[in-house]
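Participant:
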Amino acid sequence: MTQIRFPLPAEPEPQPLPRPPEGLEFDLDFEELVPPSEAESTTTGGTPHKLTAIDLFRGLTILEVVAHHTSGLALRYAVPDTLSFLLLQLINRTLHFAVPAFVFLSAVVLTRSLLKNFRPGRYFFRRVTRGAWPYLLWSGLYIAWYVWTGQRPASTLTDPDKWLFYLQYGKASYHLYFLLVALEVYLVIPLLLPLARRRPPIVLALLIGAALQLGVYVLNREVLRLPFPASTVLWYMLPVTVGAAVGARLDEFPAWWRRNRVFLIAGAALVYALYLPQALAYVRGEPVVPMVYSSLSWAYTTLMALIVLGVAYSLQRFAGAWRVALGIIGMFSLQIYLIHPAILQTLETMHAPGGDPLVFALTIVGYFLVSLLLPAILALLLVETRLSRLLFGR
Numbered sequence: 001m002t003q004i005r006f007p008l009p010a011e012p013e014p015q016p017l018p019r020p021p022e023g024l025e026f027d028l029d030f031e032e033l034v035p036p037s038e039a040e041s042t043t044t045g046g047t048p049h050k051l052t053a054i055d056l057f058r059g060l061t062i063l064e065v066v067a068h069h070t071s072g073l074a075l076r077y078a079v080p081d082t083l084s085f086l087l088l089q090l091i092n093r094t095l096h097f098a099v100p101a102f103v104f105l106s107a108v109v110l111t112r113s114l115l116k117n118f119r120p121g122r123y124f125f126r127r128v129t130r131g132a133w134p135y136l137l138w139s140g141l142y143i144a145w146y147v148w149t150g151q152r153p154a155s156t157l158t159d160p161d162k163w164l165f166y167l168q169y170g171k172a173s174y175h176l177y178f179l180l181v182a183l184e185v186y187l188v189i190p191l192l193l194p195l196a197r198r199r200p201p202i203v204l205a206l207l208i209g210a211a212l213q214l215g216v217y218v219l220n221r222e223v224l225r226l227p228f229p230a231s232t233v234l235w236y237m238l239p240v241t242v243g244a245a246v247g248a249r250l251d252e253f254p255a256w257w258r259r260n261r262v263f264l265i266a267g268a269a270l271v272y273a274l275y276l277p278q279a280l281a282y283v284r285g286e287p288v289v290p291m292v293y294s295s296l297s298w299a300y301t302t303l304m305a306l307i308v309l310g311v312a313y314s315l316q317r318f319a320g321a322w323r324v325a326l327g328i329i330g331m332f333s334l335q336i337y338l339i340h341p342a343i344l345q346t347l348e349t350m351h352a353p354g355g356d357p358l359v360f361a362l363t364i365v366g367y368f369l370v371s372l373l374l375p376a377i378l379a380l381l382l383v384e385t386r387l388s389r390l391l392f393g394r
């Protein structure tokens, strides 16, 4: 068989990574979490489903994931030191909050659910069938994909050390580390229930989470020295802690957002102004102070997660087909997340982006749309089938 060779995608960053990634809690019954008055009914696969702010959050964030990865691909073909190259860098570094956002969402919905009814046996069984199984399956599929496309040697398939490395650190493909982080989030959330039962204010949770995150940073630097810290839940303790607090107060969150959105957006804008120069320096290979870069990244991504949830609740008040479409995309965010890298790689090898700036931009937009819509259509066709449960755990 003739092997197809793709340009190798960038490895996940060993420091605070994007990405992202239904560590989201893609599989909870969100109708239990959101009042029916805040949901709009739709039908998928003949089954009624109420679109909620949670679906909209996932829709917004999966758009960010695909756009982030598409911009990363585009950077490999853009001409350095041009305006388009700078714009792509700005877009890529700005769209760098998906994994913390999805981790935050996992903490929100898991905390909300477990505070209502925590049955350890059922909880961990569902985590295995809907979390661990897709991670193992898609790790295997992507290992085979990378060998088939010539990105890794055939000996990878029979090398147990390689398999252990890929599974231990989420390295079977550049995006799968998020599913590994999600599995660890499932273990951490029950430990945070005592804190969640006290229903701490969100601002207090931000301070507690920040202190905990900095403590983890120092612990890793001085003691643990993990080779890929961003592939562990330890690198996301700030969004996890804040997510647990929001989950404990989810009924109050829309009102909290309306009262505090101006301050939250202003704070995020200030942090972004400090974060962006560091992020651009990092992606260009220029020296940065690791603690400064990491701290700004944690602050920016966690504040963005809160803002996206607030925006999702705000959008919930508007009617229109666009909102239904966004919610449906959110419903299938896991499927899109798992499949879109392979589509991006296929499109890249079939027709590498190039030409004048307009043609280049249109090509990249086309990549984005195809990589987003094809997995969503496939997921819609498979909904409620055994094949869907086999492939995606739901």
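Per this note's numbering, residue 1 is the first one in the sequence shown, and the count goes up by one each step. Glycine included, each C-beta is placed from N, C-alpha and C at the ideal position.
1) Which of helix, strand or coil does DSSP assign to LEU226?
2) Answer yes or no: the CB of LEU391 versus the heavy atoms of the ligand COA, is any distance below 8 Å?
3) Taking the alpha-carbon positions, what's the LEU95 to TYR123 distance?
4) Using three-state DSSP, classify TRP69 as helix, strand or coil.
5) Taking the continuous alpha helix (DSSP H) assigned at LEU207, which residues delimit it?
6) At a cut of 8 Å, does the stretch 227-247 reach the stretch 100-112 through at least three beta carbon pairs?
7) Please check the pair ALA156 and ILE143, which I expect to be a contact at CB under 8 Å, by giving their CB distance rounded to whole angstroms.
8) Would DSSP call LYS171 helix, strand or coil?
9) Please tell me whether VAL365 and ARG93 are closer than 9 Å, where the distance is taken between their beta carbons.
10) For MET291, count neighbouring C-beta atoms within 10 Å of its own C-beta (all shown protein chains included) and say buried if the count is 16 or more, exposed if not.
11) Quick one: any contact between the stretch 145-154 and the stretch 63-77, if contact means 3 or more CB pairs under 8 Å?
12) Using beta-carbon positions only, say whether PHE102 and ALA211 come within less than 9 Å of one another.
13) Using a Cβ-Cβ cutoff of less than 6 Å, which residues in the same chain neighbour LEU296 once the five nearest sequence positions on both sides are dropped?
14) Output the distance between the C-alpha atoms of PHE57 and GLY330, rounded to the nearest integer angstrom.
15) Would GLU384 be called buried (16 or more neighbouring beta carbons within 10 Å of its own) or exposed?
16) Nearest CA to the CA of THR70: which residue from SER388, PRO194, THR346?
17) Let me know the secondary structure DSSP gives LEU192 once reduced to three states.
18) Applying the criterion that 16 or more other CB atoms from any shown protein chain within 10 Å of the CB defines a buried residue, is GLY170 buried or exposed?
19) Can you name, in chain order, every residue of its own chain whose Cβ lies under 6 Å from the Cβ of ALA78, other than the five neighbours on each side?
20) Looking at the structure shown, is LEU380 part of a helix, part of a strand, or coil, going by DSSP?
21) Just to confirm, is the Cβ distance from PRO398 to SER173 under 9 Å?
22) Classify GLU64 as buried or exposed, calling it buried when 16 or more other Cβ atoms lie within 10 Å of its own Cβ.
23) Let me know if GLN354 comes out buried or exposed under the rule of 16 or more other beta-carbons within 10 Å of its beta-carbon.
24) How big is the Cα-Cα spacing for GLU40 and LEU306?
25) For ALA53, which of ASP251, ALA269, LEU176, THR149 has the nearest alpha-carbon?
Facilitator: This is what the structure holds:
1) Here residue 226 refers to the residue found at position 226 when the sequence shown is read from its first residue. Coil at LEU226, not helix or strand.
2) This structure lacks the ligand COA; in fact it carries no ligand of any kind.
3) As a working mapping, residue 95 is identified with position 95 in the sequence shown. As a working mapping, residue 123 is identified with position 123 in the sequence shown. LEU95 and TYR123: Cα-Cα distance of roughly 32 Å.
4) In the sequence shown, residue 69 corresponds to position 69, counting from 1. Note on identity: in this sequence residue 69 is His, with Trp being the wrong assignment. HIS69 falls in the helix class under three-state DSSP.
5) Taking the first residue of the sequence shown as 1, we reach residue 207 at position 207. Segment 202-219, the alpha helix (DSSP H) holding LEU207.
6) yes
7) Counted from its first residue, the sequence shown places residue 156 at position 156. Counted from its first residue, the sequence shown places residue 143 at position 143. Note that residue 156 corresponds to Thr in the displayed sequence, not to Ala. THR156 to ILE143, Cβ: 6 Å. Contact.
8) For the purposes of this step, residue 171 is identified with residue 171 of the sequence shown, where counting begins at 1. Coil at LYS171, not helix or strand.
9) Position 365 of the sequence shown holds residue 365. Position 93 of the sequence shown holds residue 93. Contact: no.
10) As a first step, residue 291 is located in the sequence shown; it is residue number 291 there, counting from the start. Classification for MET291: exposed.
11) no
12) Working through the sequence shown from its first residue, we reach residue 102 at position 102. Working through the sequence shown from its first residue, we reach residue 211 at position 211. Result no, Cβ atoms of PHE102 and ALA211 do not sit closer than 9 Å.
13) Taking the sequence shown and counting its residues from 1, the one referred to as residue 296 is at position 296. Correct list, in chain order: LEU274, TYR275, GLN278.
14) Numbered from its first residue, the sequence shown carries residue 57 at position 57. Numbered from its first residue, the sequence shown carries residue 330 at position 330. Their Cα atoms are separated by approximately 7 Å.
15) Here residue 384 corresponds to residue number 384 of the sequence shown, with the count starting at 1. So GLU384 ends up on the exposed side.
16) If you number the sequence shown from 1, residue 70 lands on position 70. Per the Cα distances, THR346.
17) By one-based count along the sequence shown, residue 192 stands at place 192. Helix, per DSSP.
18) Reading the sequence shown from its first residue, position 170 is the one you call residue 170. That one is buried.
19) If you number the sequence shown from 1, residue 78 lands on position 78. So the qualifying residues of the chain are SER84, PHE85, LEU88.
20) As a first step, residue 380 is located in the sequence shown; it is residue number 380 there, counting from the start. Helix at LEU380.
21) For the chain, the structure presents residues 1 to 394; residue 398 sits outside this window and is missing.
22) Within the sequence shown, residue 64 is the residue found at index 64, counting from 1. Per the 10 Å Cβ criterion, buried.
23) Start at 1 with the first residue of the sequence shown, and residue 354 comes out as number 354. Per the sequence shown, residue 354 should be read as Gly rather than Gln. That one is exposed.
24) As a working mapping, residue 40 is identified with position 40 in the sequence shown. As a working mapping, residue 306 is identified with position 306 in the sequence shown. Confidence at GLU40 is low in this model, with a pLDDT of 43, below 50, so the placement of that residue should be treated as unreliable; the coordinate-derived value is given next. Their Cα atoms are separated by approximately 22 Å.
25) For the purposes of this step, residue 53 is identified with residue 53 of the sequence shown, where counting begins at 1. Residue ASP251 is the option with its Cα nearest to ALA53.
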